Each structure stands twice: as structure tokens, then as C-alpha cells.
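Residue numbers (numbering that gives the first Met the number 0): 0 to 370.
A short write-up of the structure that comes next.
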Amino acid sequence: MRVGAACDIARAPRRGVTQRTDTTAVRKDLRTADGVRIEARYEPYAGPATGSGTAGDPGAIVLAHGFTGALDRPAVRRAATAFTAHAAVVTFSFRGHGRSGGRSTVGDREVLDLAAAVAWARAQGHRTVATVGFSMGGSVVLRHAALYRGEYDHGHAESIFDSVVHRGRTDGRTAEPAGPRGAVSAAAAAPASVPATADATAHADAVVAVSAPARWYYRGTAPMRRLHWAIQHPLGRLVSRYGLRTRVHHRDWDPVPLPPVAAVPRIAPVPLLVVHGDQDPYFPVDHPLSLAEAADPEACELWLRPGFGHAENAADAALLDRIGSWAATRLQAPAARPHHGSRDPHAPRAAGSTPGHAPGPAPDATEGTDG
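What follows is the structure, given as C-alpha cells:
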């Protein structure tokens, strides 16, 4: 793994795509493969008329918020506005959040919510789509990219049919009593309305995970211990519902979903950016380091941001702009992309890091999983 390594995917420019000139946001209720209603919003590209995408199409960024977020939350709206300077933007509320239906599974079935949003972005005429996820949304974009491979599938990842049948889960793992999920039959999870073209329209062309966990059941920080209480205990779920406006499913994970650190090796050759702060109160820096080490070194770039806290609430305008620029660059024509091994020259270097090498974990980083 190299800090600053970037991936270049050759793509033929698309002909006949015109730049969108309207500035009207569009709201729509989407339907996931397992039948959950998801509220979503589309905002056209608002940058320079020349655009920053292929043949006039700026591409689209699909923003996946963190736990307790929603598309109308101020931090999500601020991030979406920043991203429209680089691409069209789709925001949505995960199940159990905002005005979406269903109940949160805290990163399990949410891959189906993201898949529906990505497919809708392509339905707006965008050839290329990047996914940007924060915290829980970061874990979702990683698992989504591993499961929904599209043209990048070379037979080593689960098929899209399998991901729909199991609601985005991965078999072969023993459930641990920590997630609010439960087993559902394949017949119930794969309704007849699942589109046959889901695997061709729901994949991502670039992936950004901000403040994402590397593994499940992490309780090494006080905020994560509070989060586990909020999703595991009846009183905690009551607080989540009425205090945090988040409806959490009461069942455990069964089977346990593919952990993010096991998903990242399956993402290449799709470009991956891992962004994390050295002041994150939820996940210490061993999480992003684990993700970057597990990823293809030619497809992954790691930004460790000094002073940055956690997820969309802590991301300032400068960081959001740079993330949007990175995503838009990866959606450009091949000639405009950086070569392998390039790094962001404006990225602050984390203490102790050197070009081409990842800095070590913070001295007080907490390692390990619960159970």
C-alpha cells in the first residue's frame, strides 16, 4: 500500500452526451431490490460549463451518509452542495433514516439502498458514477463496490444475484450477537420486481470511503460503545427512534456481512480513496491503515488528515472540495487522469509519514474486535 497511489482505468469517451444546464433538483422515491422505499434527491452539475467529465458528461457522485444522517440533514446538504461543483449529485436517506421506509440494519442491507441510488444516477444519463460514503456509509460503499462489480467482475466476487438474494450479505460467517439484523428467506429477499439489468447499472466507477470502519463489532472508543448500546438494547433503539430519528432493526446479523477490510481487495481496478482523520473519536487510524493495506496498491489512495474528526459533520469545505475533485478526476476521460503512483500534492502529510509509505498507527490506537 502506498499513500497517494492512484488508479487509472482506460475508458472510451462517450459520444453524444450533452452538458445538463438546468439547476432544478429532483426528488424521487426509489424502490430497492428487497422492496424498501428510499427517498432520494438529484442535483445537476453546477460547475463550469466545460464540465470535468467525459465528452461533456460530468458524471455523478452518489453520497452515502452516516448512521443517524439523512438527505436533508445540514451536513449532508453541505457536502452535496460542495460536490455539485464537480459532478451531478444524488443524495438519499438509508432505510430507517429520514423519510425512507424500513428499519436500519446498520450497514448490512444498506448496500441495496446504495445500489438503487447508483442505478437512478445512471438513469439520469450519466455514464460514470462515483460513490462517496461517510462512516456507516463508508462501509456500505466498500461492500457495494465489492458486490456490484458490473464490467469489472472477473469471477472472484459474489454475483449481483447472490447479493440481492442475501440482501447484500455474505454467507459462511457465524453471526455474533451485536448487529440488529435477522435472517430472511431467499424468496422474500429476491422479489420478482428485481430488474434484470441491476448488475449493469448499479456498480460504481470510483469509490471514496470517509471515516469508515475496517471491521465490525469495534468497541474500542466511548462513542462506539454508546452506538452499540443504541442499536443492541431495546431502550437504546427507543432513544435512536425518538432522539436520533433513526429506526433500527431489532434482529441480529445472520449471517454476518462481509467486513469492509475483506471487501476492499475485491474493488480493484476501480479507484478507491480512503479518507480518515487523526482526531476521529470513533475509529482510530488503524482502521484506515488496515483498509489501505488490504487494497490493491495500484488502485488505492490513502489520505490521513491531521486535525480531522469524524465523517460529514467534521468535514470542512476544503476537504469536501478536494474529495469532489478526486472523484470527478476519476470519472474523466483516460487522458485527463493522473498516472499510477501520483499523489495529491495539496494533501497535508500525517505526522511521521513519508512519500510512498503509510504512517504507523497512533500510539494510543485501540486494536481488536469485540468477541
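Here a beta-carbon is modelled for each residue, glycine too, at the ideal position from N, C-alpha and C.
Since we're looking at a predicted model, the values are computed, not measured.
Cβ distance (whole Å) where Val25 is taken to contact Tyr44 below 8 Å:
Contact flag wrong, Cβ pair sits at about 13 Å.
To the nearest angstrom, report how far apart Gly134 and Thr245 are at their CA atoms.
The question names Gly, but residue 134 is Ser in the sequence shown. Rounded to the nearest angstrom, the two C-alpha atoms are 15 Å apart.
Need the endpoints of the beta strand (DSSP E) that Arg224 sits in, please.
Going by DSSP, Arg224 is part of no beta strand (DSSP E) but of the alpha helix (DSSP H) stretching over Ala221 to Gln231.
Would you give the residue range spanned by the alpha helix (DSSP H) that Trp215 belongs to?
DSSP places Trp215 outside any alpha helix (DSSP H), giving it a letter other than H or E.
Have a look at Gly247 and Ala48 and give me their C-alpha separation to the nearest angstrom.
Note that residue 247 corresponds to Val in the displayed sequence, not to Gly. Within the model, the alpha-carbon separation for Val247 versus Ala48 is close to 43 Å.
Hey, Ala373 and Val128 are a contact pair by Cβ (cut 8 Å); roughly how many whole angstroms apart?
Any property of residue 373 remains undetermined from this structure, which presents the chain solely from 0 to 370.
Given Ala294, which residues of its chain have a CB within under 8 Å of its CB, disregarding the five upstream and five downstream residues?
Exclusion of the five residues before and after Ala294 leaves Met0, Val263, Pro264, Ile266, Ala267, Leu271 and Val273 as the residues of its chain whose Cβ lies within less than 8 Å of its Cβ.
Could you work out which residue in Val35, Asp56 and Ala326 is closest to Ser378 when comparing CA atoms only?
The structure shown does not extend to residue 378, since the chain is modelled only from 0 to 370, so the question has no answer here.
Have a look at Ala327, Asp315, Ala32 and Leu288 and flag the residue whose alpha-carbon is nearest the alpha-carbon of Tyr147.
Tyr147 has its Cα closest to that of Ala32, out of Ala327, Asp315, Ala32 and Leu288.
Less than 6 Å between C-beta atoms, sequence neighbours within five positions excluded: which residues of the same chain meet that for Gly106?
Once the five neighbours on either side are set aside, the close Cβ partners of Gly106 are Met135, Ser138 and Val139.
So, Ala78 versus Val117, is the Cβ gap smaller than 9 Å?
No; because the gap between Cβ atoms is not below 9 Å, this pair is not in contact.
Give the range of the alpha helix (DSSP H) segment to which Val25 is assigned.
Per DSSP, Val25 belongs to no alpha helix (DSSP H); it is in the beta strand (DSSP E), Val25 to Arg30.
For Leu243, which residues in the same chain have their Cβ closer than 8 Å to its Cβ, ignoring the five residues on either side in sequence?
The residues are Thr67 and Ala229.
Just the Cα atoms here: how many angstroms apart are Ser210 and Pro258?
Note on geometry: alpha-carbon atoms of Ser210 and Pro258 lie some 15 Å from one another.
Whose CA, out of Phe91, Gly124, Trp119 and Ala122, lies closest to the CA of Glu109?
In terms of CA proximity to Glu109, Phe91 leads the group Phe91, Gly124, Trp119 and Ala122.
Which stretch, first to last residue, makes up the alpha helix (DSSP H) that contains Thr80?
For Thr80, the enclosing alpha helix (DSSP H) begins and ends at Pro73 to Phe82.
Please classify Ala334: does DSSP put it in a helix, a strand, or coil?
Model confidence at Ala334 stands at a pLDDT of 33, short of 50, so the residue's coordinates are unreliable and nothing is read from them.
Under the three-state DSSP convention, the category Ala156 falls into:
Caution applies to Ala156, whose pLDDT of 39 falls short of 50 and renders its modelled position unreliable; the value that the coordinates give is listed next. In the three-state scheme derived from DSSP, where H, G and I count as helix and E and B as strand, Ala156 is classed as coil.
Which of the three DSSP states is assigned to Asp277 in this structure?
In the structure shown, Asp277 sits in coil (DSSP, three-state: anything other than H, G, I, E or B).
Is the beta carbon of Phe282 closer than 9 Å to that of Ala213?
Yes.
Gly137 - partner residues in DSSP beta bridges:
Its beta-bridge partners do not exist; DSSP assigns none.
With 16 as the cutoff for other CB atoms within 10 Å, does Pro256 come out buried or exposed?
Pro256 sits buried, since 16 or more C-beta atoms from the chains shown fall within 10 Å of its C-beta.
With DSSP as the reference, label Val61 as helix, strand or coil.
Residue state, collapsed to three classes: strand.
Of the listed residues Leu70, Gly276, Gln123 and His227, nearest to Tyr216 (C-alpha basis)
Comparing Cα positions, the closest option is His227.
Should Pro287 be labelled buried (16 or more other beta-carbon atoms within 10 Å of its own) or exposed?
Flag for Pro287 reads buried.
Length of the line joining the Cα atoms of Arg225 and Gly65:
Whole-angstrom Cα-Cα distance: 15 Å.
So, with DSSP's three-state summary, where would you put His345?
With a pLDDT of 48 at His345, under the threshold of 50, the modelled position of that residue is not reliable, and no figure is offered here.
Alpha carbons only, please: which of Ala144, Leu62 and Thr80 is nearest the one belonging to Thr23?
For the residues Ala144, Leu62 and Thr80, the minimum Cα distance to Thr23 belongs to Thr80.
Can you give me the Cβ contacts of Gly276 inside the same chain, cut-off strictly under 6 Å, excluding the 5 residues immediately before and after it?
Its chain contains Arg304, Phe307 and Gly308 as the residues whose beta carbon lies nearer than 6 Å to that of Gly276, once the 5 sequence neighbours on both sides are disregarded; these appear in chain order.
Look at the alpha carbon of His96 and the alpha carbon of Arg329, and state the distance between them as a whole number of angstroms.
Per the coordinates, the alpha-carbon of His96 lies some 30 Å from the alpha-carbon of Arg329.
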